[in-house]
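Below is one structure, written out as structure tokens, with a few remarks after it.
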Amino acid sequence: MLALDLKGKRALVTGANSGIGEATALMLADAGADVVVNYVDEAEAAEAVAAAIRAKGRRSFAIHANISDAGQVSSMVARMKQDWGGIDVLVNNAGIDGHAALGWEADVEAWRKVIDVNLLGTFFCSRAALGQMVAQRAGVIVNMSSVHERIPWGGFSAYTASKAAVSMLTKTLAQEAAPYGVRVLALAPGAVKTPINRNVWSDPAGLADLKRKIPMGRLAEPDEIARMVAVLASDFASYATGTTLFVDGGMTDFADFAHGG
Numbered sequence: 489m490l491a492l493d494l495k496g497k498r499a500l501v502t503g504a505n506s507g508i509g510e511a512t513a514l515m516l517a518d519a520g521a522d523v524v525v526n527y528v529d530e531a532e533a534a535e536a537v538a539a540a541i542r543a544k545g546r547r548s549f550a551i552h553a554n555i556s557d558a559g560q561v562s563s564m565v566a567r568m569k570q571d572w573g574g575i576d577v578l579v580n581n582a583g584i585d586g587h588a589a590l591g592w593e594a595d596v597e598a599w600r601k602v603i604d605v606n607l608l609g610t611f612f613c614s615r616a617a618l619g620q621m622v623a624q625r626a627g628v629i630v631n632m633s634s635v636h637e638r639i640p641w642g643g644f645s646a647y648t649a650s651k652a653a654v655s656m657l658t659k660t661l662a663q664e665a666a667p668y669g670v671r672v673l674a675l676a677p678g679a680v681k682t683p684i685n686r687n688v689w690s691d692p693a694g695l696a697d698l699k700r701k702i703p704m705g706r707l708a709e710p711d712e713i714a715r716m717v718a719v720l721a722s723d724f725a726s727y728a729t730g731t732t733l734f735v736d737g738g739m740t741d742f743a744d745f746a747h748g749g
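Counting the sequence shown from 1 gives a position; the working numbering is that position plus 488.
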């Protein structure tokens, strides 16, 4: 029987010092992978995640790199090549949603920063990883998208635009890399209970409003997203590429229509 086994795989998870990234890094380690923990701030938290992975008997180190800087990304992936001989799994998790502003009132530089991190950062990391994966004719990239690659979100045009773009980037890279045995997928979470959105789920009114948008009536836990990343990175998903898997409790299933139109 096929087992979810990533033993010997060398993985990089961006933004792995907290939230979904931390849960994913730990989950990949539980499945047998060695994991590099990328971070841009909160170095102590990143080092703690790397230590927890090593405590599981896997190799791990934390590395600072701003993914919106192509040079820093290249150096990070080169470090993996030097220390571990290459990369087998890349999880492009790092991302930001930016400050709420109507499109015609948005600050241009703030808008651009979201694109730089979410889209260019995903591209830079993928580009660096694919250089090795294509050569070794094996590898998996999982891009963290969002339900907002499909659902508009007033006040966050940069975020929705970046995630829609990540979806098409995923499809195009998958098409290009498939002949070389490399798979590229996206995973789109809905509402997840993480520190970044604590202000919403810790407020009873905000939480109630959010739950109404989710047919399953609850937020996801980070581990529920991380488990699906591990599945996509494993041979369980060996024939899957070029698509987005929505893990959203049904948020994209038009919850408001559950009781009629």
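Built from N, CA and C at the ideal position, the CB exists for glycine as well. Treat the numbers as computed from the prediction; the structure is a model and nothing was measured.
Asked, Found
"Tyrosine 527, DSSP secondary structure in three states", "strand"
"Three CB pairs or more closer than 8 Å across the region 572-589 and the region 631-642", "yes"
"CB of isoleucine 541 within 7 Å of CB of alanine 517, strictly", "yes"
"Anticipated Cβ contact below 8 Å, leucine 707 with alanine 676, distance rounded", "Their Cβ separation, rounded to whole angstroms, is 15 Å, which puts leucine 707 and alanine 676 out of contact at 8 Å."
"As assigned by DSSP and simplified to three states, the class of arginine 547", "coil"
"Where phenylalanine 644 falls: helix, strand or coil (DSSP)", "coil"
"Arginine 625, DSSP secondary structure in three states", "coil"
"Nearest-angstrom Cα separation, counted from phenylalanine 742 out to glutamine 663", "30 Å"
"Residue interval of the alpha helix (DSSP H) (run including alanine 499)", "Element bounds for alanine 499: not the alpha helix (DSSP H) but the beta strand (DSSP E), 498-501."
"C-alpha gap between aspartate 557 and arginine 615, whole angstroms", "12 Å"
"Environment of tyrosine 647 [buried if 16+ CB atoms lie within 10 Å]", "buried"
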